[in-house]
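Keeping their order, the protein sequence lines are chains S and X. Here the first sequence stands for residues 1 to 311, numbered as in my numbering. Here the second sequence stands for residues 312 to 591, numbered as in my numbering. Since the structure comes first, as structure tokens, the remarks are kept for the end.
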Amino acid sequence: MTPVVETQNLGKAFGTTVALEGVNLELPSNQIIGLVGPNGAGKTTLFSILSGFLKPGIGSVRVLGHSPLSPQLQGRVSILPQDAPLRRGVSIRKQFEFFAKLQGLPPETASEEAEKVLTEVDLLEKSVEGPDSLSHGMRKRASLAQSFIGNPELILLDEPTAGLDPVTTQKVRELVLRKAEGRTIIISSHNLAELQEACDSVAILNLGKLIDFRPVSEIIGRSKTMIIRLEGPPEDQLTKAVSELPEVVSVTCGDQGNPRIIIRVDGSIDDSEVDLAILGVFKDQKVRYREIRRGESLEEKVVQITKQDAG
Amino acid sequence: MDKSFSQIRTVFLNELAFTPRKIAVSVTFVFFCLLWGFAFKGLIELDEFINTDNSEKSGLFLGFLMWVLDIDPTQWLEFQKNGVFFISFGILSLLTTHYFVIIMTSDQTASEIGNRYFRYLITRCGRTEIFLGRLLASLTLGLVAITLTGITAWGVDCYLNQTTSIDSVLFVINTCFWVFWFCLPFVCLCSMISAWSGSVATSMLCSMSLAFLLPKVFNVIELRWKKVEGIKELREYFPGNFTHSVLLDHASISNLLVPIVYASLFAWVGRSIFIRREFP
Chain S
1 MTPVVETQNL
11 GKAFGTTVAL
21 EGVNLELPSN
31 QIIGLVGPNG
41 AGKTTLFSIL
51 SGFLKPGIGS
61 VRVLGHSPLS
71 PQLQGRVSIL
81 PQDAPLRRGV
91 SIRKQFEFFA
101 KLQGLPPETA
111 SEEAEKVLTE
121 VDLLEKSVEG
131 PDSLSHGMRK
141 RASLAQSFIG
151 NPELILLDEP
161 TAGLDPVTTQ
171 KVRELVLRKA
181 EGRTIIISSH
191 NLAELQEACD
201 SVAILNLGKL
211 IDFRPVSEII
221 GRSKTMIIRL
231 EGPPEDQLTK
241 AVSELPEVVS
251 VTCGDQGNPR
261 IIIRVDGSID
271 DSEVDLAILG
281 VFKDQKVRYR
291 EIRRGESLEE
301 KVVQITKQDA
311 G
Chain X
312 MDKSFSQIRT
322 VFLNELAFTP
332 RKIAVSVTFV
342 FFCLLWGFAF
352 KGLIELDEFI
362 NTDNSEKSGL
372 FLGFLMWVLD
382 IDPTQWLEFQ
392 KNGVFFISFG
402 ILSLLTTHYF
412 VIIMTSDQTA
422 SEIGNRYFRY
432 LITRCGRTEI
442 FLGRLLASLT
452 LGLVAITLTG
462 ITAWGVDCYL
472 NQTTSIDSVL
482 FVINTCFWVF
492 WFCLPFVCLC
502 SMISAWSGSV
512 ATSMLCSMSL
522 AFLLPKVFNV
532 IELRWKKVEG
542 IKELREYFPG
552 NFTHSVLLDH
562 ASISNLLVPI
572 VYASLFAWVG
582 RSIFIRREFP
């Protein structure tokens, strides 16, 4: 199957600042893919190249098998751009109808399509207002809604939940998951907890370079790691007893401010057996815990991977 | 091709609806109307003055007009058949309208390159279609402003003479056509600079400066090589230099062709810049 996005030795510089360097990516179709990395890692630049806003400095890019500027891509790729305003003084509904018409929809269908996407983000009641009379969150939702107009095969979402409250963030995540059926969505975000829940794979960029691209479960070691948050620092007796279990490969303790133990287990053994064995030790030792989690958090792993790369 | 035309039409209609709401455009249009309001009031008074006063003052004014138009008294007799009001209207519109049209059309793409709005359009529509749709909307806007001025001028003439004639209607149509033709390369110049600069201020400043300087380039050339035979005939090959021929009813085929050549050149260069530029 043709990858949705294929880059070879992709590089881009702005003057002396290197934004992207030697990026080789092959993104599979029908997945939600996260694009993460610290500020200045090159995420927005990569999105801009994929959307045709910027030209690659060196290397090549293919999006759905075409050059990003190809007319073949019109309406097949859409983007939620970061910090790009909709037109002031024009109702968002009219703007969406205009976008839909540009994508080739006839006027009556364009109107229906505008109504549909505005309903999906709970903005139908505000559709006659211009973006200047909407709150930040509403504007963000409106920008998100425009990326769903038509039937794009690839949707690029640059910081879709930045500045949104938790309830709206949850709604946006649910919407993205619904919309992901039969298409590819690439999300750039600093909210890694959200990406961990929503994404199938994650690409990590640092200082313009691609340093990792793997399925989320593989990155966070879901089947190989168990994290248990405790009420106080773990006793030596507890860590010793856990590490003596045959299923356990290693045990690491958290620091004073973050009381927990990170247990790496043999990934070939059934999860439930391992869980029961470890919890048995806790019961024997009469140790109380606050939270048990399978796998490390994506945030921790990204920080770890980024530090390793910098080191 | 059908999709391309459909996109140009969609962009054109959308721009036509949106452009008059831009502050720069609406404020300029108000000033344009005010200028013409004062001008028509002044022209009415002038017409009455010329028609009722045969003193030195009116003679001086006619002398001034002949000097501006560079014509002799025998040509004046032929020329004044259109009436002082229409002659003054023609001079004023041919000398000033393009500056207003430039201000109104200087932001065809610049502000939305700057504020990144184009990011919503580029994945949906071809860049050539966006550029041409907006250029056509700007030309239409200029044409509307010129036509409104012409209609008002015709109305004022009817009021002054208490009658109208086919000649006065034809004179207004002719003047409006030439004013539009005069503005054509400047609107395309605006589209080119707008696509290049990505800034409204730069676009407006460059377009105004070029509109003012381009016609003057020939004056310098003519002054420098005034002894070269036939140098005067080259004047009409510079944009914005056919006012004189039009006012004297000496318009030639080159007066028709030169603006369209410049307009096509500026539009082609502007399109080339727009489809190659980045939208950071």
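Cβ coordinates follow ideal geometry from the N, Cα and C atoms, glycine included.
DSSP three-state assignment for residue i, whether helix, strand or coil
i: S/G11; result: strand
i: S/P215; result: strand
i: X/V498; result: helix
i: X/L471; result: helix
i: X/G541; result: coil
i: S/I149; result: coil
i: S/N39; result: coil
i: S/A203; result: strand
i: S/I269; result: coil
i: X/R435; result: coil
i: X/S279; result: With chain X running from 312 to 591 in the structure shown, residue 279 of chain X is simply not present.
i: S/E129; result: coil
i: X/V528; result: helix
i: S/G322; result: Residue 322 of chain S is absent from the structure shown; chain S starts at 1 and stops at 311.
i: S/K55; result: coil
i: X/T420; result: coil
i: S/T161; result: coil
i: X/L481; result: helix
i: S/R88; result: coil
Beta-carbon spacing of residue i, residue j below 8 Å
i: X/L354; j: X/F400; result: yes
i: X/E589; j: X/S565; result: no
i: X/S404; j: X/T486; result: yes
i: S/G57; j: S/N206; result: no
i: S/A100; j: S/A110; result: yes
i: X/T513; j: X/L406; result: no
i: S/N30; j: S/T7; result: no
i: S/D158; j: S/S201; result: no
i: X/L521; j: X/L500; result: yes
i: X/P550; j: X/L525; result: yes
i: X/G425; j: X/S510; result: yes
i: S/V77; j: S/S60; result: no
i: S/L298; j: S/I219; result: yes
i: S/G372; j: S/Q103; result: Coverage of chain S is limited to positions 1 through 311, which leaves residue 372 of chain S absent and any answer about it impossible.
In DSSP terms, what residue i is bridged to
i: S/Y289; result: S/L230
i: S/E6; result: S/E26 and S/R62
i: S/V77; result: S/L154
i: S/S250; result: S/R264
i: S/V18; result: S/A13
i: X/L354; result: DSSP output for X/L354 lists no bridge partner at all.
i: S/T184; result: S/L154
i: S/L50; result: Per DSSP, none; premise fails for S/L50.
i: S/L210; result: S/L205
i: S/R294; result: S/M226
Within chain X, the residues that residue i reaches when beta carbons sit closer than 7 Å
i: S/Q103; result: R435
i: S/V90; result: F329
i: S/G75; result: R435
Contacts that residue i makes with chain S (C-beta to C-beta distance below 9 Å)
i: X/K352; result: The contacting residues do not exist; X/K352 stays about 34 Å from chain S at best.
i: X/G589; result: Strictly speaking, residue 589 of chain X in this sequence is Glu, with Gly absent from that position. Residues of chain S passing the Cβ test: S48, F53, L54 and K55.
Contacts that residue i makes with chain S (C-beta to C-beta distance below 7 Å)
i: X/Q318; result: L102
i: X/K314; result: G104
i: X/R332; result: G89
i: X/N325; result: F98
Cross-chain neighbours of residue i in chain S, by beta carbon under 8 Å
i: X/R430; result: S51, F53, I79, P81 and A84
i: X/T321; result: F98, K101 and L102
i: X/R427; result: P81, D83, A84 and P85
i: X/R582; result: Under the 8 Å cutoff, chain S gives no residues; its nearest Cβ is about 14 Å from X/R582.
Proximity test, residue i beta-carbon vs the ligand FMN heavy atom, cut-off 7 Å
i: X/S417; result: As for the ligand FMN, it is missing from this structure, which has no ligand bound.
Chain X contact residues for residue i, given Cβ-Cβ distances below 9 Å
i: S/P71; result: K314, S315 and G437
i: S/Q237; result: In chain order: nothing, as chain X lies at least about 59 Å away.
i: S/Q285; result: Within 9 Å Cβ-Cβ: nothing; S/Q285 doesn't reach chain X, min ~58 Å.
Where residue i meets chain X, residues with beta-carbon distance less than 8 Å
i: S/Q146; result: Y431
Check whether the region 180 to 192 of chain S and the region 12 to 23 of chain S touch, using three or more Cβ-Cβ pairs below 8 Å as the test.
no
Check whether the region 256 to 266 of chain S touches the region 191 to 202 of chain S, counting contact only when three or more Cβ pairs, one atom from each stretch, lie closer than 8 Å.
no
Does the region 442 to 450 of chain X come into contact with the region 419 to 426 of chain X, if we say contact requires no fewer than three beta-carbon pairs (one atom in each stretch) closer than 8 Å?
yes
Taking three-plus beta-carbon pairs below 8 Å as touching, is the region 230 to 250 of chain S in contact with the region 276 to 289 of chain S?
yes
Per the contact definition of three or more C-beta pairs closer than 8 Å, is the region 236 to 243 of chain S in contact with the region 71 to 81 of chain S?
no
Report yes or no: do three or more beta-carbon pairs, one from the region 432 to 440 of chain X and one from the region 533 to 540 of chain X, lie closer than 8 Å?
no
contact_flag[the region 124 to 133 of chain S, the region 80 to 97 of chain S] where n(CB pairs < 8 Å) is 3 or more
Yes, the region 124 to 133 of chain S is in contact with the region 80 to 97 of chain S.
Is it a yes or a no for the region 455 to 475 of chain X touching the region 172 to 182 of chain S, going by three-plus beta-carbon pairs under 8 Å?
no
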